[in-house]
Amino acid sequence: MTMAATAAKHDCPVSHCDPYSRENLMDPHAMHAELRDAGPVFRLDRYDCYGMARFAQVHQGMNDWQTYSSASGVGLDDFRKTRPWRPPSILLEVDPPLHTQTRSVMSRVMSPAAMRQKREEWQEKADHLVDDLVARGSFDAIADLANVFPLRVFPDAVGLRPEGRENLLPYGNMVFNSFGPRNEVFLESVANAQPVVQWIMDQCRREVLTPGGFGAQIFEAMDRGEIDETQAPILVRSMLTAGLDTTIIGIGSMVYAFAQFPDQWQVLRDNPALLRPAFDEVVRWASPVQTFFRTTTRDVDVEGVTIPDGSKVLMFLGAANRDPRKWERPDDLDIRRPTIGHVGFGTGIHGCVGQMVARMEADVVMTAMLKRIKAIEIAGEPVRHLNNTLRSLASLPVRVIPA
Ligand code: 4IA
Numbered sequence: 007m008t009m010a011a012t013a014a015k016h017d018c019p020v021s022h023c024d025p026y027s028r029e030n031l032m033d034p035h036a037m038h039a040e041l042r043d044a045g046p047v048f049r050l051d052r053y054d055c056y057g058m059a060r061f062a063q064v065h066q067g068m069n070d071w072q073t074y075s076s077a078s079g080v081g082l083d084d085f086r087k088t089r090p091w092r093p094p095s096i097l098l099e100v101d102p103p104l105h106t107q108t109r110s111v112m113s114r115v116m117s118p119a120a121m122r123q124k125r126e127e128w129q130e131k132a133d134h135l136v137d138d139l140v141a142r143g144s145f146d147a148i149a150d151l152a153n154v155f156p157l158r159v160f161p162d163a164v165g166l167r168p169e170g171r172e173n174l175l176p177y178g179n180m181v182f183n184s185f186g187p188r189n190e191v192f193l194e195s196v197a198n199a200q201p202v203v204q205w206i207m208d209q210c211r212r213e214v215l216t217p218g219g220f221g222a223q224i225f226e227a228m229d230r231g232e233i234d235e236t237q238a239p240i241l242v243r244s245m246l247t248a249g250l251d252t253t254i255i256g257i258g259s260m261v262y263a264f265a266q267f268p269d270q271w272q273v274l275r276d277n278p279a280l281l282r283p284a285f286d287e288v289v290r291w292a293s294p295v296q297t298f299f300r301t302t303t304r305d306v307d308v309e310g311v312t313i314p315d316g317s318k319v320l321m322f323l324g325a326a327n328r329d330p331r332k333w334e335r336p337d338d339l340d341i342r343r344p345t346i347g348h349v350g351f352g353t354g355i356h357g358c359v360g361q362m363v364a365r366m367e368a369d370v371v372m373t374a375m376l377k378r379i380k381a382i383e384i385a386g387e388p389v390r391h392l393n394n395t396l397r398s399l400a401s402l403p404v405r406v407i408p409a
């Protein structure tokens with residue numbers, strides 16, 4: 007017998023849980039623990055797919071795009087079997103070589119240097135907004151701050167006209183829901199989709215984009231031959247889809263995190279240089295984007311379990327970011343911990359290309375708050391907003407103590 011020559015084969019654990027039920031969307035943490043404990047990989051029999059919830063496998067899988075492809079869609083739907091809900095993204099829902107080409111255009115437009123040029127103007131806007139809120143003393147950190155700030159800076163940076171911007175959030179909500187099943191949460195969000203989708207598509211045309219904005223810069227890349235005329239509008243659409251809900255949740259999560267961990271607010275006030283690592287820790291802790299699918303391109307062995315070729319695999323970013331196998335006291339916000347490797351922005355070739363935008367927005371808002379606020383207190387029951395992919399609040403009443 008040559009036992010040592012072949013790795014042991016295991017049956018795949020099966021979970022009957024529904025990650026998209028209202029209860030689990032409302033509070034996923036107990037389910038996450040159960041799924042991590044089920045094994046390195048498991049089947050979700052309700053959705054006829056596989057899942058990974060431990061940090062090691064999520065991180066490994068997301069860093070192997072050859073095996074875990076995005077080209078069949080990063081939602082539950084397999085683009086080879088069902089018609090996509092919208093024309094696929096040529097950034098998110100593709101593999102190299104096309105992905106390499108489109109991503110390089112996007113990363114240049116939203117480069118660190120490009121974002122540094124925004125700092126002064128964005129800081130002024132953040133100071134102004136936070137001044138008003140501190141004067142009020144009590145406000146809703148979502149409705150009055152998180153929902154407000156990105157909408158004041160990002161659509162202008164892209165170069166959108168003022169009319170119709172109220173369509174941006176409903177559109178994002180639909181798209182992020184569409185990565186999950188066709189459940190009630192999805193259906194409610196697409197009830198009035200047509201005019202919203204139409205408005206978004208109309209804003210992706212060169213003629214309506216302000217010169218100098220991110221959108222216009224994508225068309226300049228087209229002029230240089232880096233992408234063609236069918237691709238440029240779809241990349242503008244990527245910005246409109248991915249740039250708002252996510253940063254809104256990032257800012258809202260910052261406030262929620264520091265309201266729940268007041269000692270950490272004090273640590274940050276004593277050392278504002280921790281702002282950047284603090285944002286990473288909040289993104290780890292909150293995981294605004296909770297899940298994404300990949301599709302296997304071959305039979306793949308994961309710790310002795312074989313995932314067959316062509317399987318959908320649900321990556322639980324939120325569960326990986328709180329895996330006790332990886333993180334000490336994972337449920338605690340600790341802005342001094344090493345957050346390196348967290349998957350809150352994804353990881354690998356699809357890792358968030360807009361994170362410089364998110365970081366700059368969070369930076370200026372938090373800088374304004376650090377100067378003016380000694381403590382943030384929760385002043386009422388937070389209300390969740392349910393979405394199949396995003397974890398967010400609809401309302402967070404707070405009271406702030408001026409510095
Ligand atoms: C796109 C992952 C999420 C932030 C995202 C959503 C949509 C797109 C990209 C990223 O439409 O390209």
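Residue numbering for the sequence shown is 7 to 409, as defined by this note's numbering. Virtual Cβ for every residue (Gly too), placed ideally from N, Cα, C.
| Item | Value |
| --- | --- |
| Residues bridged to G350 [DSSP beta-bridge criterion] | G352 |
| V406 burial status per 10 Å Cβ neighbour count (16 or more: buried) | buried |
| Residue of V181, S21, W128 and Y56 minimising C-alpha distance to P94 | V181 |
| Reduced DSSP category for E383 - H, G, I as helix; E, B as strand; rest coil | strand |
| For V311 and A18, believed in contact at Cβ under 8 Å, the rounded distance | One point to set straight first is that residue 18 is Cys, not Ala, in the sequence displayed. Right, the Cβ-Cβ distance comes to about 5 Å (below 8 Å), so this counts as a contact. |
| Secondary structure, beta strand (DSSP E): runs of 3+ residues fully inside the stretch 285-316 | 297-302, 306-308 and 311-313 |
| Distance between V371 and D133 (C-alpha atoms, nearest Å) | 7 Å |
| Enclosing beta strand (DSSP E) for V319 [first to last residue] | K318 to F322 |
| Sufficient close CB pairs (3 or more, under 8 Å) joining the stretch 81-101 to the stretch 240-255 | yes |
| Backbone CA spacing between G352 and V319 [nearest angstrom] | 15 Å |
| 9 Å Cβ cutoff met for P268 and E367 | no |
| Per-residue DSSP class, three states only, for G143 | coil |
| Sequence ranges, alpha helix (DSSP H) only - wholly within the stretch 145-171, length at least 4 | 155-164 |
| Same chain only: Cβ atoms within 7 Å of N153, ignoring 5 sequence neighbours per side | I254 |
| Cβ pair W71, I313 closer than 9 Å | no |
| Heavy atom of ligand 1 within 8 Å of R243 beta-carbon | yes |
| Range covered by the alpha helix (DSSP H) that runs through H38 | H35 to A44 |
| Residues near P103 by beta carbon distance below 6 Å, same chain, minus five either side | none |
| Neighbour-count burial assignment, D54, 16 or more Cβ in a 10 Å radius | exposed |
| Beta-carbon proximity list for F192, same chain, < 7 Å, skipping 5 on both sides | N183, S184, G186 and N394 |
| Distance cut-off 8 Å: F182 Cβ against heavy atoms of ligand 1 | yes |
| Per-residue burial, Q204 [other beta carbons within 10 Å of its own, 16 or more giving buried] | exposed |
| Span separating the alpha-carbon of R86 from that of M68 | 21 Å |
| At least 3 beta-carbon pairs within less than 8 Å: the stretch 269-283 vs the stretch 334-344 | yes |
| Near ligand 1: A248 beta-carbon under 8 Å from a heavy atom | yes |
| Which residues DSSP lists as bridging F182, in chain order | DSSP lists no partner for F182. |
| At least 3 beta-carbon pairs within less than 8 Å: the stretch 319-334 vs the stretch 216-234 | no |
| Near ligand 1: E367 beta-carbon under 8 Å from a heavy atom | no |
| Inter-stretch contact (C-beta, 8 Å, three-pair minimum) for the stretch 355-364 and the stretch 103-119 | yes |
| Coil, strand or helix - P336 by DSSP | coil |
| Distance, E213 Cα to R328 Cα | 45 Å |
| For L399, the residue or residues it bridges with in DSSP | R390 |
| 3 or more residues per run - each beta strand (DSSP E) lying fully within the stretch 44-112 | 48-50 and 55-58 |
| Length of the line joining the Cα atoms of F160 and H348 | 25 Å |
| M375 - containing alpha helix (DSSP H), residue span | Q361 to R378 |
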